[in-house]
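Residue numbers (my numbering), protein chains in the order written: chain H, 405 to 903; chain D, 405 to 903. Cβ atoms here follow ideal geometry from the backbone N, Cα and C, with glycine treated the same way. Source: prediction; values computed, not measured.
Number of protein chains: 2
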Amino acid sequence: MTKEQEFLAYLKEISLLQEAVGLAEWDSQTGMPEEGASYRAEMSSYLSGMAFDKSTNQTMTEYMTYFEAHPEELSAFGKEVYAKTKENYDLNNNIPVDRFQEFMKLTSNAHSIWVKARENKDYSVFKESLENIILMTKEFIPLWKKEEATNYDVLLNQYEPGMTTEILDNVFEQVKKGIIEIRQEIESKGTAPRTDFIHRSVAKETQKEFVTKVIEQLGYDFSRGRLDDTVHPFMLNLNRNDARITTRWDETDFIMATLGVIHEAGHGMYEQNVDAKYDYTPLAGGTSMGIHESQSLFNEIIVGGSQAFWSRQYPLLQSLTGDTFKDIDNDVFYKGLKETKPSLVRIESDSLTYPLHIIIRYEIEKMIFNEDINLEDLPTIWNDKYEEYLGIRPENDLEGILQDVHWSGGSFGYFPSYALGYMYAAQLYHAMNKEMNVEEILASDDYSSILAWLTENIHQYGSSRKPNQLIMDATGESLNPQYLIDYMKELYFNVYDIA
Amino acid sequence: MTKEQEFLAYLKEISLLQEAVGLAEWDSQTGMPEEGASYRAEMSSYLSGMAFDKSTNQTMTEYMTYFEAHPEELSAFGKEVYAKTKENYDLNNNIPVDRFQEFMKLTSNAHSIWVKARENKDYSVFKESLENIILMTKEFIPLWKKEEATNYDVLLNQYEPGMTTEILDNVFEQVKKGIIEIRQEIESKGTAPRTDFIHRSVAKETQKEFVTKVIEQLGYDFSRGRLDDTVHPFMLNLNRNDARITTRWDETDFIMATLGVIHEAGHGMYEQNVDAKYDYTPLAGGTSMGIHESQSLFNEIIVGGSQAFWSRQYPLLQSLTGDTFKDIDNDVFYKGLKETKPSLVRIESDSLTYPLHIIIRYEIEKMIFNEDINLEDLPTIWNDKYEEYLGIRPENDLEGILQDVHWSGGSFGYFPSYALGYMYAAQLYHAMNKEMNVEEILASDDYSSILAWLTENIHQYGSSRKPNQLIMDATGESLNPQYLIDYMKELYFNVYDIA
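Structure follows, in structure tokens:
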């Protein structure tokens with residue numbers, strides 16, 4: 405065995421352990437017997453501990469040192485793998501173990517305190533925990549920092565390599581302005597769509613039959629995946645031939661599960677189409693949160709928000725649901741789906757106002773890490789921003805600052821991924837349209853050229869290319885939010901009958 | 405940490421790895437995406453390899469040597485754990501690694517050759533593989549042998565510690581004689597029950613609803629287990645709080661899934677009620693194949709074959725199935741279930757002829773290992789025995805010697821467990837009846853005292869007691885096949901209206 409082969413075999417062990425942890429996680433979210441939870445925690449913690457240990461131990465350190473000194477012993481492929489491994493290694497190894505364990509303990513406790521704060525709808529219950537997590541994150545930032553960057557850039561980069569506040573400030577300003585203008589147009593000239601039929605009851609089995617057909621057509625491969633019930637929907641890939649999706653069903657809200665499954669299938673299709681040569685290396689799997697969301701949101705919003713798509717799929721839905729939607733024609737149905745209405749809660753928001761929810765979080769996170777704000781003031785800052793951007797004000801902290809779980813886990817810098825994914829999706833859609841008429845395809849029997857384009861331009865690369873390079877190569881330019889604004893304008897002007 | 409605590413922590417690691425392998429196995433049998441199979445094989449083989457390595461490596465060897473020299477450092481509990489660990493260690497370590505790997509390769513290939521032989525209904529295709537497996541097993545037997553024993557005893561003991569051909573020869577002779585007498589009585593004096601309704605269609609969901617209620621009543625705890633669909637039904641326990649059962653459904657054979665689920669629930673209830681103090685040691689889990697089968701067969705045959713039980717459950721089945729069984733009264737239904745008819749295939753046989761299928765296999769396995777028969781003659785020996793004991797003769801090897809998978813995997817000595825389980829079940833039933841009226845309980849609303857008795861006498865001990873000791877303590881005597889003969893006689897004389 406060459407040293408490179410040895411190194412790859414070692415990385416494979418880590419991957420296999422992570423796969424076992426993944427299966428355990430999937431199982432615990434999809435039907436593990438409830439009383440098995442404490443046993444499961446033991447198993448998962450043992451296996452993930454072993455994977456973490458192998459990622460940071462003396463053996464790994466020796467590989468890192470060796471190949472740093474002997475890059476000539478690595479093939480081109482080996483170099484790619486080494487570079488990504490080194491990146492992860494540095495991230496993990498710069499934090500002293502005892503401080504990392506302390507942080508784990510802190511966030512683990514913070515979660516239950518956050519739950520308690522939510523029950524009381526009272527931020528002050530959570531405030532001390534949050535402060536400690538922020539303090540510790542600030543302690544880690546200098547250890548993670550590799551070059552000149554703001555504190556918050558360091559956090560951003562953990563989810564979206566190469567992203568900066570400088571870029572996001574500009575991009576988000578443009579998006580904010582665009583959305584506010586669209587909202588004003590709708591307010592003054594629009595005709596609101598009919599939505600009274602949206603909550604008509606559709607049996608779970610019928611929803612499942614419908615959406616299963618839809619995602620199969622989109623290219624989600626059920627011989628390399630499966631669909632299960634859960635409470636908080638997710639996609640989890642054990643490997644490229646086993647990328648599982650999950651959903652929550654509500655018989656009086658069929659559109660939630662339908663779009664939810666289409667969303668998760670987008671994540672799954674990404675994983676299913678990564679080149680097999682990256683198997684068992686850190687290059688297997690999607691390259692960033694933002695690019696991953698671009699694939700799920702392409703499915704959910706671009707495809708699932710397309711009138712041509714629904715012109716094709718709605719008759720199927722009608723035929724499966726008996727008389728339920730007999731009196732609702734295609735145009736009424738479609739426009740009802742795409743109603744926009746400001747809401748206080750991110751996960752309940754529509755595709756026009758969604759980016760504003762993200763921008764609010766981005767601005768606040770940036771204040772926390774790049775400015776010296778008083779954490780006491782967070783709820784007021786939060787509420788003021790909702791009032792300013794969305795025209796509505798939370799009545800309590802549960803529908804305000806306590807709504808998302810991310811901060812209790814120390815995941816700062818994560819939220820922008822959602823908006824990045826949306827912007828990437830619109831930009832990819834624009835580029836794709838230069839090569840084919842996407843709406844025409846969505847109105848047809850055969851969606852395969854869409855998946856082929858996404859595989860060619862995004863999926864196949866796994867984590868071997870950084871987000872910016874992927875977007876650049878696929879669309880000919882860096883992130884450009886104008887495509888999202890144009891997309892939203894056209895869509896919502898249509899829905900609200902604005903000429 | 406004391407040396408004992410270190411040892412227990414080490415054993416826990418092995419258990420956790422085995423638990424992960426178990427979850428992977430369950431998943432691969434219940435719905436893993438088909439294309440994930442080759443990836444799954446990599447993961448399972450990595451994890452089980454690690455578990456095997458830890459069970460046999462230098463560290464384990466040191467523990468074994470240390471505690472052999474320092475038994476005084478072990479608590480009473482530690483001594484129990486050490487003894488069982490040593491037993492497994494010796495079994496694993498006496499075979500040279502390269503020969504063991506050779507054996508694994510052999511049986512792995514033999515499986516596909518067996519499948520091919522079945523397709524051709526031709527033993528000669530499988531003969532060479534089987535010969536090689538037998539030769540290698542004969543090579544291993546002296547390495548496993550610890551005391552004076554026949555070759556076949558060594559194999560028997562791997563599934564049923566303490567069992568010998570001397571015991572089984574007597575016991576099986578008695579059982580064979582008993583069954584043949586009962587069959588002669590039925591033949592000459594019996595009135596065959598009506599069975600025309602047995603294959604009436606019952607929807608899968610209805611079958612599931614019914615049998616779920618039944619096993620909950622019997623004490624299978626769904627908060628510590630679950631029921632899934634599979635091809636070859638099994639129970640798999642990840643831990644005592646996660647003992648999963650599976651079944652195969654057939655809408656025109658509701659009794660297959662019903663009794664199948666009740667059977668697997670018996671295995672599950674055993675695991676769910678092992679004392680938690682044995683967690684993460686080799687003493688967790690059932691003590692032998694025979695005792696495990698005694699619990700599943702107690703459920704399936706004793707409970708599921710009880711007229712009192714059906715007097716209580718049949719009205720529920722009727723109420724769930726509309727008019728399906730409206731014209732069939734309780735007595736007709738029950739007797740139809742319990743028809744006996746000689747069959748060529750073990751897994752399709754009834755509870756009277758079943759032991760004969762096992763006895764045939766036992767006699768042949770004994771001939772293979774304790775006598776020097778020509779393997780060429782096996783199909784003829786097989787067919788002759790079926791003709792002699794059951795009065796029917798296989799027309800080809802598929803319905804004859806090729807019907808079971810066990811030999812292709814090298815599992816010689818396993819078959820007797822099925823018959824042992826049945827005999828133990830009848831003996832336990834007899835003992836239980838000294839303390840309570842089991843039929844009365846089965847006709848009632850509350851089955852809990854049956855589970856309590858089995859937990860008290862069998863389940864709680866896990867593998868900390870050997871089969872014979874459990875049976876002795878629970879029933880006041882060693883294995884006694886007369887209870888099974890008496891039980892079958894009473895049951896079948898009733899079913900066949902013999903006064």
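For residue i, the first and last residue of its enclosing beta strand (DSSP E)
i        : result
Ile705/D : Looking at the DSSP string, Ile705/D is not in any beta strand (DSSP E), and its letter there is neither H nor E.
Leu904/H : The structure shown does not extend to residue 904/H, since chain H is modelled only from 405 through 903, so no value can be given for it.
Asp633/D : 631-633
Under 8 Å from the C-beta of residue i: neighbouring residues of chain D
i        : result
Ser627/H : Pro437, Glu438, Glu439
Asp646/H : Met436, Pro437, Glu439, Gly440, Tyr443, Arg444
Asn643/H : Gly440, Tyr443
Reduced DSSP secondary structure (H/G/I, E/B, other) of residue i
i        : result
Arg648/D : strand
Ser448/H : helix
His696/H : helix
Met892/H : helix
Thr568/H : coil
Glu769/D : helix
Ile862/D : coil
Gly482/H : helix
Pro908/D : For residue 908/D there is no data in the structure shown, the boundaries of chain D being 405 and 903.
Gly664/D : helix
Asp808/H : coil
Phe601/H : coil
Trp518/H : helix
Leu534/H : helix
Lys488/H : helix
Asn787/D : helix
Arg797/D : coil
Under 9 Å by beta carbon: chain D residues contacting residue i
i        : result
Tyr414/H : By Cβ distance, chain D contributes nothing, its closest Cβ being about 12 Å from Tyr414/H, past 9 Å.
Arg630/H : Gly435, Met436, Pro437
Asn872/H : The premise fails here: Asn872/H is roughly 31 Å from chain D at the closest Cβ pair, so nothing lies under 9 Å.
Asp457/H : Going along chain D, no residue has its Cβ under 9 Å from Asp457/H, so there is no contact; the nearest lies around 13 Å.
Per-residue contacts from residue i into chain H (C-beta, under 9 Å)
i        : result
Leu451/D : Leu420, Leu421, Ala424, Leu451
Terminal residues of the alpha helix (DSSP H) in which residue i lies
i        : result
Lys617/D : 608-622
Trp430/H : 407-434
Leu904/D : Outside the displayed range of chain D (405 to 903) lies residue 904/D, so it cannot be described from this structure.
His474/D : It is not in any alpha helix (DSSP H) - His474/D carries neither H nor E in the DSSP assignment.
Pro820/H : 820-839
Asp877/D : 871-879
Phe737/H : 734-741
Ile845/D : 842-846
Proximal chain H residues relative to residue i, where beta-carbon distance stays under 8 Å
i        : result
Ala428/D : Ala424, Leu427
Asp633/D : Going along chain H, no residue has its Cβ under 8 Å from Asp633/D, so there is no contact; the nearest lies around 13 Å.
Glu417/D : Tyr450
Asp431/D : Leu427, Asp431
7 Å Cβ cut-off: residues of chain D touching residue i
i        : result
Asn360/H : Shown here, chain H extends from 405 to 903; a query on residue 360/H therefore has no answer.
Asp788/H : Result: empty, since nearest Cβ-Cβ is about 46 Å, beyond 7 Å.
Contact set between residue i and chain H, taken where Cβ atoms lie within less than 7 Å
i        : result
Asp679/D : Within 7 Å Cβ-Cβ: nothing; Asp679/D doesn't reach chain H, min ~15 Å.
Met447/D : Leu420, Glu423, Ala424
contact_flag[the stretch 788-804 of chain D, the stretch 840-856 of chain D] where n(CB pairs < 8 Å) is 3 or more: The stretch 788-804 of chain D, when compared against the stretch 840-856 of chain D, does not touch it at the 8 Å Cβ threshold.
Contact between the stretch 824-842 of chain D and the stretch 868-880 of chain D (3+ Cβ pairs under 8 Å): Put simply, the stretch 824-842 of chain D touches the stretch 868-880 of chain D. At least three CB pairs are less than 8 Å apart.
Stretch pair the stretch 483-494 of chain H + the stretch 457-470 of chain H: three plus CB contacts closer than 8 Å: Counting Cβ pairs under 8 Å, three or more are found: they touch.
Three or more C-beta pairs below 8 Å linking the stretch 851-867 of chain D and the stretch 670-687 of chain D: Judged by pairs of C-beta atoms under 8 Å, the stretch 851-867 of chain D touches the stretch 670-687 of chain D, as three or more such pairs exist.
Three or more C-beta pairs below 8 Å linking the stretch 727-739 of chain H and the stretch 761-771 of chain H: Taking a contact to require three or more Cβ pairs closer than 8 Å, the stretch 727-739 of chain H and the stretch 761-771 of chain H do not qualify as touching.
The stretch 652-669 of chain H in contact with the stretch 450-464 of chain H per 3-pair CB rule at 8 Å: Judged by Cβ distances under 8 Å, the stretch 652-669 of chain H makes no contact with the stretch 450-464 of chain H, as fewer than three pairs qualify.
Cβ contact (3+ pairs, closer than 8 Å) linking the stretch 409-427 of chain H and the stretch 429-447 of chain D: The stretch 409-427 of chain H, when compared against the stretch 429-447 of chain D, does touch it at the 8 Å Cβ threshold.
The stretch 571-585 of chain H in contact with the stretch 704-716 of chain H per 3-pair CB rule at 8 Å: Verdict: no, contact absent.
Any 3 or more C-beta pairs closer than 8 Å across the stretch 507-526 of chain H and the stretch 805-814 of chain H: In short, these stretches touch, since the Cβ pair count reaches three.
At least three beta-carbon pairs within less than 8 Å, the stretch 684-704 of chain H to the stretch 560-568 of chain H: Counting C-beta pairs with one atom in each stretch, the stretch 684-704 of chain H and the stretch 560-568 of chain H have three or more that are closer than 8 Å, which means they touch.
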